[in-house]
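Read left to right, the sequence shown gives residues 277 to 494 (the numbering used here). Below is one structure, written out as structure tokens, with a few remarks after it.
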Amino acid sequence: MPEVPLNPASKPDAIEAGRRLFAQQCEFQRGVLELDQMPDAILPEITFAGRSNVGKSSLINALTGRKALARTSVTPGRTQEINFFALGGRLMLTDLPGYGFAQAPKDKVEAWTNFIRRYLKGRPSLRRALILIDSRHGLKDVDRKIMELMDDSAVNYQIVMTKTDKVKPEALALSRAAIALELGKHVAAHPDILVTSAAEGFGLAEVRAALSELAKPE
Numbered sequence: 277m278p279e280v281p282l283n284p285a286s287k288p289d290a291i292e293a294g295r296r297l298f299a300q301q302c303e304f305q306r307g308v309l310e311l312d313q314m315p316d317a318i319l320p321e322i323t324f325a326g327r328s329n330v331g332k333s334s335l336i337n338a339l340t341g342r343k344a345l346a347r348t349s350v351t352p353g354r355t356q357e358i359n360f361f362a363l364g365g366r367l368m369l370t371d372l373p374g375y376g377f378a379q380a381p382k383d384k385v386e387a388w389t390n391f392i393r394r395y396l397k398g399r400p401s402l403r404r405a406l407i408l409i410d411s412r413h414g415l416k417d418v419d420r421k422i423m424e425l426m427d428d429s430a431v432n433y434q435i436v437m438t439k440t441d442k443v444k445p446e447a448l449a450l451s452r453a454a455i456a457l458e459l460g461k462h463v464a465a466h467p468d469i470l471v472t473s474a475a476e477g478f479g480l481a482e483v484r485a486a487l488s489e490l491a492k493p494e
């Protein structure tokens with residue numbers, strides 16, 4: 277766990293609102309391979325994006341308190357569906373397919389990019405994307421391409437650093453500062469970076485608080 281405060285301060289009432297929101301039942305709705313299979317865009321929607329095995333499923337499970345809600349895979353890039361989870365009738369969470377195919381054919385990468393671009397541009401209920409970055413590795417070129425895709429799609433996005441329990445505090449602070457410097461170049465980026473460890477629970481309250489502000493009112 278980091279020994280220095282790296283997350284933006286959240287007010288106690290925001291922390292409590294996040295706790296109440298994520299204490300509600302979260303249920304898997306469906307996984308889709310085509311956009312016409314998506315559930316109706318009724319609830320405010322938050323999407324989780326990141327490189328394969330960056331910890332998206334682990335973070336969703338930790339936030340909701342459900343160990344097996346979002347499935348994890350030991351095979352990078354295995355999950356190609358967009359998975360939808362309804363949280364207490366107030367928020368829809370979506371888990372995008374992992375990106376960063378080291379050995380993938382070019383046509384597969386292009387198909388993935390087009391699929392995600394159409395989702396981002398065509399989903400009116402989408403309030404924010406959380407782009408997860410492995411704290412051990414920082415921003416990669418493939419992350420920058422996704423950030424550019426978000427910019428082009430006019431989708432507000434926020435960086436969430438994962439697996440902070442595997443990084444020394446000093447290295448974590450430097451990595452966070454480097455990411456913050458790059459965010460100034462991106463028009464759709466939220467200025468606050470959230471720092472988390474799903475394994476140790478660090479930063480989860482701040483993520484819940486941030487998302488509660490985007491949920492359907494109680």
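Positions of the beta carbon are idealized from the N, C-alpha and C atoms, including for glycine.
- Judged by DSSP in its simplified three-state form, Glu303 adopts strand.
- Non-local beta-carbon contacts of Gln305 in its own chain, meaning distances under 7 Å to residues more than five positions away in sequence, involve Pro315, Phe360, Phe361 and Ala362 in chain order.
- Counting of Cβ neighbours within 10 angstroms places Asp289 among the exposed residues, the total staying below 16.
- As the crow flies, the alpha-carbon of Ser401 is around 23 Å from that of Tyr375.
- Here Ala475 carries a coil assignment [DSSP, helix/strand/coil].
- Buried is the label assigned to Leu487, since at least 16 other Cβ atoms lie within 10 Å of its Cβ.
- Beta-carbon to beta-carbon, Thr440 and Leu448 are separated by about 6 Å, close enough to satisfy the 8 Å threshold.
- Runs of the alpha helix (DSSP H) lying entirely within the region 360-431, each at least 4 residues long, are 382-398 and 417-429 in chain order.
- Ile435: member of the beta strand (DSSP E) spanning Tyr433 to Thr438, first to last residue.
- For Val483, the closest alpha carbon among the candidates Val385, Met426, Trp388 and Thr323 is that of Thr323.
- Per DSSP, the beta bridge partners of Ala325 are Ile407.
- Assigned with DSSP and collapsed to three states, Leu470 falls in strand.
- For Gly294, the enclosing alpha helix (DSSP H) has its first and last residue at Pro288 to Phe298.
- Gln434 counts as buried, since no fewer than 16 other beta carbons sit within 10 angstroms of its beta carbon.
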